[in-house]
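The block underneath contains the structure these notes are about, expressed in structure tokens.
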Ligand SMILES: Cc1cc2nc3c(=O)[nH]c(=O)nc-3n(C[C@H](O)[C@H](O)[C@H](O)COP(=O)(O)O)c2cc1C
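Printed below as a string of structure tokens:
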């Protein structure tokens, strides 16, 4: 699975990464649920794929992720979303952001397992049983003491699947991820479990699966630093994408995006090159060449120079 990443993995990113291959599912950036009913156009903004049966152009299902602390409004909004027929609905219990946590959403809920259960149940009960409802959690807020309780609540509430980002909220995104802490759960839970966190290579993927005992993988930043990673995991031994192939994928992402603001192209170009430099040193050089550029035209010109090998 391709992890949800706010401000990074939008519909166009899902299009290009699922076109490369190796993904069975994507999840949208989180849609924030407050005490209001969300209009359809907001759901379409997060998942343009809802116009196409909830699938990317390569046919990969895209689950829509909801985040909020009110079980009532999570249920009401899940029912509205369900009318748009998403392939599935995911619930975010992992976001570490201060703003989100202050407004009673994301990882702060992991301190109250009963509320996690209530939210999952409200969403599960609000939508047709044919629509899978999944949850995404971290190991806990400050520590993993409540992990088993949270998982039990998620399962009892009727979630179809659970993804675990193997760090606490306080760990944020700092390595390592504690895959083996999930092992005690995977031995006792009978819904599919997905392991997430710090998977940057085929070898990491193999270790994460065996150490956690999970059946599935979710790739976050690794998918951006090595766009071929999911395909390599599924079909090991296939030729890796070369630097210029990757660069043309980045260019196609930028050209086909619907810029949301004037700095969109330069911001996203720098962001993706920043991730790519871990796997492709050439990306680091190009990043330095464009780091002061703001105009989209200037960015594309720098890309053309790179393609020409000048
Ligand atoms: C920039 C960024 C945005 C993220 N946005 C979301 C989000 O909207 N919903 C969510 O459940 N997780 C979100 N995450 C967490 C990722 O889905 C994933 O759990 C995390 O990055 C760990 O995986 P990784 O080590 O493979 O990157 C985000 C992470 C990053 C770095």
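In the numbering used here, the protein residues as written are 105 to 414.
Just so you know, even glycine gets a beta-carbon here, dropped at the ideal spot from N, CA and C.
Mind checking which residues open and close the beta strand (DSSP E) that includes residue i?
{"i": "residue 237", "result": "237-244"}
{"i": "residue 307", "result": "Where residue 307 is concerned, there is no enclosing beta strand (DSSP E), although the alpha helix (DSSP H) it sits in stretches over 306-316."}
{"i": "residue 320", "result": "320-322"}
{"i": "residue 297", "result": "297-300"}
{"i": "residue 169", "result": "166-171"}
{"i": "residue 134", "result": "130-136"}
Ignore the nearest five residues each way along the sequence and tell me which others in residue i's own chain have a CB closer than 6 Å to its CB.
{"i": "residue 366", "result": "none"}
{"i": "residue 182", "result": "193, 227, 230 and 231"}
{"i": "residue 113", "result": "none"}
{"i": "residue 400", "result": "369"}
{"i": "residue 262", "result": "228"}
{"i": "residue 175", "result": "222, 223 and 226"}
{"i": "residue 188", "result": "147 and 154"}
{"i": "residue 103", "result": "A question about residue 103 goes unanswered here, because the residues of the chain that appear run from 105 up to 414."}
{"i": "residue 215", "result": "245"}
{"i": "residue 200", "result": "211, 273 and 276"}
Measuring from the CB of residue i, is there a heavy atom of ligand 1 at a distance below 6 Å?
{"i": "residue 382", "result": "no"}
{"i": "residue 112", "result": "yes"}
{"i": "residue 108", "result": "yes"}
{"i": "residue 391", "result": "no"}
{"i": "residue 244", "result": "no"}
{"i": "residue 134", "result": "yes"}
{"i": "residue 252", "result": "no"}
{"i": "residue 300", "result": "yes"}
{"i": "residue 325", "result": "yes"}
{"i": "residue 205", "result": "no"}
{"i": "residue 198", "result": "yes"}
{"i": "residue 123", "result": "no"}
{"i": "residue 240", "result": "yes"}
{"i": "residue 155", "result": "no"}
Considering just the uninterrupted stretch of the alpha helix (DSSP H) at residue i, what are its terminal residues?
{"i": "residue 178", "result": "175-186"}
{"i": "residue 194", "result": "Residue 194 -> not in any alpha helix (DSSP H); beta strand (DSSP E) instead, spanning 193-197."}
{"i": "residue 268", "result": "Element bounds for residue 268: not the alpha helix (DSSP H) but the beta strand (DSSP E), 265-272."}
{"i": "residue 227", "result": "217-230"}
{"i": "residue 122", "result": "115-124"}
{"i": "residue 233", "result": "No alpha helix (DSSP H) holds residue 233; DSSP gives it neither H nor E."}
{"i": "residue 338", "result": "333-338"}
Roughly how far, in whole angstroms, is the beta-carbon of residue i from the beta-carbon of residue j, given that I think they are within contact range, below 8 Å?
{"i": "residue 125", "j": "residue 335", "result": "4 Å"}
{"i": "residue 255", "j": "residue 289", "result": "5 Å"}
{"i": "residue 326", "j": "residue 303", "result": "5 Å"}
{"i": "residue 258", "j": "residue 281", "result": "About 19 Å separates the two Cβ atoms, so there is no contact after all."}
{"i": "residue 357", "j": "residue 117", "result": "6 Å"}
{"i": "residue 348", "j": "residue 245", "result": "No, residue 348 and residue 245 are not in contact; Cβ-Cβ is about 44 Å, not under 8 Å."}
{"i": "residue 171", "j": "residue 135", "result": "7 Å"}
{"i": "residue 109", "j": "residue 378", "result": "The Cβ separation is near 13 Å, so there is no contact."}
Excluding sequence positions up to five away, which residues of its chain have a Cβ less than 8 Å from the Cβ of residue i?
{"i": "residue 77", "result": "Residue 77 is absent from the model: the chain starts at 105 and stops at 414."}
{"i": "residue 213", "result": "173, 197, 219, 220 and 223"}
{"i": "residue 374", "result": "391, 394 and 395"}
{"i": "residue 295", "result": "259, 263, 264, 265 and 266"}
{"i": "residue 180", "result": "141 and 230"}
Examine chain C for any beta-carbon lying closer than 7 Å to the beta-carbon of residue i, and answer yes or no.
{"i": "residue 332", "result": "Any reference to chain C falls outside this structure, which holds one protein chain only."}
Identify, in the order they occur along the chain, each residue of the same chain with its Cβ nearer than 7 Å to the Cβ of residue i, setting aside the five sequence neighbours on each side.
{"i": "residue 247", "result": "272"}
{"i": "residue 318", "result": "286, 290, 297, 298 and 299"}
{"i": "residue 312", "result": "283, 299, 303 and 321"}
{"i": "residue 153", "result": "115, 159, 160 and 166"}
{"i": "residue 332", "result": "124, 344 and 345"}
{"i": "residue 119", "result": "160 and 161"}
{"i": "residue 350", "result": "331, 380 and 384"}
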